[in-house]
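Student:
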Amino acid sequence: MENESKRYMAPGKHVLMGNVAMAEGAMAAGLTFFGGYPITPSTEVPEHLVWRLPEAGGAFIQMEDELAAINSVAGASVAGAKAMTATSGPGTSLMAETISMAAAMEIPLVICDVQRNGPGTGLVTAPHHNDVFQCKYSGNGEYEVIAYAPMSCQELYDLTIEAFNAAETYRCPTYVLSDAYLGHLHEPVVIPTAEEVKKLVVARAILDKPNQEKFTFLDREGNIQIPPAPVLGTPNFPTTFISQPHGPDGIPVNEDQVLKPNTLLVEKITKNVEKIARTEAYMLDDAEVVIIAYGLTARVCYHVVNLARKEGLKAGLFRLVTIWPFPYERVKSVVAGAKAIVVPEMNLGLMAGEVERCKPLAMPMYKVPKIADIHEPGEILAVVRKAKEAHP
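Here the sequence shown stands for residues 20 to 411, where the numbers follow my numbering.
#1: Following the continuous alpha helix (DSSP H) through P388, name the residue where it begins and the one where it ends.
#2: Three-state secondary structure (DSSP) at R338?
#3: Could you check how far apart the C-beta atoms of V354 and Y385 are, in whole angstroms? I think they sit under 8 Å.
#4: In chain order, which continuous runs of the alpha helix (DSSP H) of length 4 or greater are located wholly inside the stretch 196 to 263?
#5: Just to confirm, are G252 and L303 a CB contact at a threshold of 9 Å?
#6: To the nearest angstrom, how far is it from the Cα of T298 to the Cα of N149?
#7: I'd like the list of long-range same chain contacts for P192, defined as Cβ closer than 7 Å, with 5 residues on each side in sequence excluded.
#8: Can you round the beta-carbon distance between P246 and K228 to whole angstroms, since I take them to be within the 8 Å contact cut?
#9: Answer with buried or exposed for L367, where buried requires no fewer than 16 other C-beta atoms within 10 angstroms of its C-beta.
#10: Are the CB atoms of G356 and R223 within a distance shorter than 9 Å?
#11: Excluding the 5 residues flanking I295 on each side, which residues of the same chain have their C-beta closer than 8 Å to its C-beta?
#12: Under 8 Å: do the stretch 35 to 44 and the stretch 169 to 179 share three or more Cβ pairs, one atom per stretch?
#13: Just how far apart, CA to CA, sit E65 and L400?
#14: Pull the bridge partners of M103 from the DSSP assignment, please.
#15: If P257 and D268 are in contact, beta carbons under 8 Å, what's the gap, nearest whole angstrom?
#16: When the Cα of V285 is compared with those of D177, M124 and N136, which residue comes out closest?
#17: Using 9 Å as the threshold, is the C-beta distance between L250 and A199 below it?
#18: Find out if the Cβ-Cβ distance for the pair S197, Q134 is shorter than 9 Å.
#19: Of the choices G31, I126 and M114, whose alpha-carbon is the least far from that of T106?
#20: Go ahead and label Y313 buried or exposed: buried means 16 or more other beta carbons lie within 10 angstroms of its beta carbon, across all protein chains shown.
#21: Going by DSSP, what residue range makes up the alpha helix (DSSP H) through E181?
#22: For a test of the three-state rule: what should DSSP assign to T59, helix, strand or coil?
#23: Restricting to Cα atoms, I'd like to know which of M365, Y162, A371 and P396 is closest to V323.
#24: State yes or no: is the C-beta of N159 within less than 9 Å of the C-beta of E214?
#25: With distances taken from CA atoms, which of Y347, V208 and G331 is nearest A371?
#26: Report, in whole angstroms, the separation of the C-beta atoms of Y56 and G110, which I expect to be a contact under 8 Å.
#27: Compute the beta-carbon to beta-carbon distance between A88 and M46, rounded to the nearest angstrom, for a pair I have assumed lies under 8 Å.
#28: Near A409, what residues of its chain come up, given a Cβ to Cβ distance below 8 Å and the 5 sequence neighbours on each side ignored?
#29: Determine the DSSP secondary structure at H410, reduced to helix, strand or coil.
#30: Measuring only the C-alpha atoms, how far is I126 from I80?
#31: If you run the structure through DSSP and keep just helix, strand and coil, what is E364?
#32: Within 10 angstroms of its Cβ, does N242 collect 16 or more other Cβ (buried), or is it exposed?
#33: May I ask you to report which of helix, strand or coil DSSP gives G397?
#34: For A168, which residues of its own chain have a beta-carbon under 6 Å away from its beta-carbon, when the five flanking residues on both sides are left out?
#35: With a threshold of 8 Å on Cβ separation, who are the neighbours of P73 within its own chain once the five nearest residues in sequence on each side are excluded?
#36: Take T179 and list the residues in its own chain whose beta-carbon comes closer than 6 Å to its own, dropping the five residues that flank it on each side.
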């Protein structure tokens, strides 16, 4: 029987490492199974959970490799556990096939990716937001994921809870995208009371009677409905549970019927963007230069906007708290009245391509790439000045 009192940290302010804050957020969200394999710079997550999870009645298993880790997480989720793994870029590469399978089978699971420099082995202790496309596109086939991009240890705690909620609600692979610097940062984290946390958490729904629809389906009005995830050993578990295209009952469909189930895997996310996507606006009301950023880079940009304003430059920040699904319509609205866009990223400009889809063709966009290090405010400010001078 789970020891509920051990699940929650004492309320109040604690100084936590980012990886520990993420692990504690998972505990608060109801994590009952962790399957993982150590990899720098995420190793402190399993190091913390190896003792924290069992004391709350959960199960921790160090698997023999990343393939086994993600398969154990998927299997545990099917058995009714809230399940998670933690890894970095090379690990997520190995997990791609099972993540694709989990998407097809609509298995809720959470992947905490503490990103490091790549490609290949890279510099294992250096940050690099180079998994932002890998998390969405690495698996075969077409499906959607949800991905959060925290910028502080507090958000590593808070957004990990949200990631578990999203996984349960939308039954898809859900990511928390940290990095080598954020994962090892130590900061104050305010922990709510257990009662407050419980109000935030979406519980795993266990249906005690057979239900015709086990997977996402369209109701009679044509609305997308996402039933609770079926749990092994309950009457609601489907007769067949495979990763082939299937109907709402789990029965495989013919080639001429594939369009509907494959479309639903995408549209259950894309048609709920306004519910899922989280963004923040800072000084955008009169902004002529709009900075669009996410993750640890966005944290620097709040200061950049303040510095720009002191110089009389009308800069503003649009922060992507979630990067997937991408809020195309919101970005279009934000940049519509701007003179220029600045996109700093801890990569060579990956998400800038998504921003480019949203801007007017003639509107200039300036990339500010950075690899294996965080931006200095002056680096971004210099580009803001350049954009303003070129487009007064």
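Just so it is clear, CB atoms sit at the ideal spot from N, CA and C, and this is done for glycine as well.
Tutor: This is what the structure gives:
#1: P388 -> not in any alpha helix (DSSP H); beta strand (DSSP E) instead, spanning M384 to P388.
#2: strand
#3: Contact doesn't hold; Cβ gap of about 13 Å is too wide.
#4: 199 to 203 and 213 to 219
#5: Pairing G252 with L303 gives a Cβ-Cβ distance that is not under 9 Å.
#6: Approximately 21 Å, taken between the alpha carbons.
#7: Beyond the five residues adjoining it in sequence on each side, P192 comes within less than 7 Å, by CB distance, of I118, A121, A122, L128, I130 and V164 in the same chain, given in chain order.
#8: Contact flag wrong, Cβ pair sits at about 13 Å.
#9: exposed
#10: In this structure, G356 does not lie closer than 9 Å to R223 by Cβ.
#11: I165, A185, Y189, I288, T341 and P344
#12: yes
#13: Before going further, note that residue 65 is Pro rather than Glu in the sequence given. One C-alpha to the other measures close to 38 Å.
#14: F53 and V129
#15: 7 Å
#16: M124
#17: One point to set straight first is that residue 250 is Val, not Leu, in the sequence displayed. No, Cβ-Cβ distance for V250 and A199 is not below 9 Å.
#18: yes
#19: M114
#20: The residue is buried, with at least 16 neighbouring Cβ atoms inside 10 Å.
#21: C172 to Y189
#22: coil
#23: P396
#24: With a cutoff of 9 Å on beta-carbon distance, N159 and E214 are scored as not near each other.
#25: Y347
#26: 7 Å
#27: With a Cβ gap of about 18 Å, A88 and M46 do not count as contacting.
#28: A359 and P383
#29: coil
#30: 19 Å
#31: strand
#32: exposed
#33: helix
#34: L196, Y313, G314 and I342
#35: The beta carbon of P73 is closer than 8 Å to those of F79 in its chain, skipping five residues each way along the sequence.
#36: Excluding residues up to 5 positions away in sequence, M41, G44, A45 and V195 lie with their Cβ nearer than 6 Å to the Cβ of T179 in the same chain.
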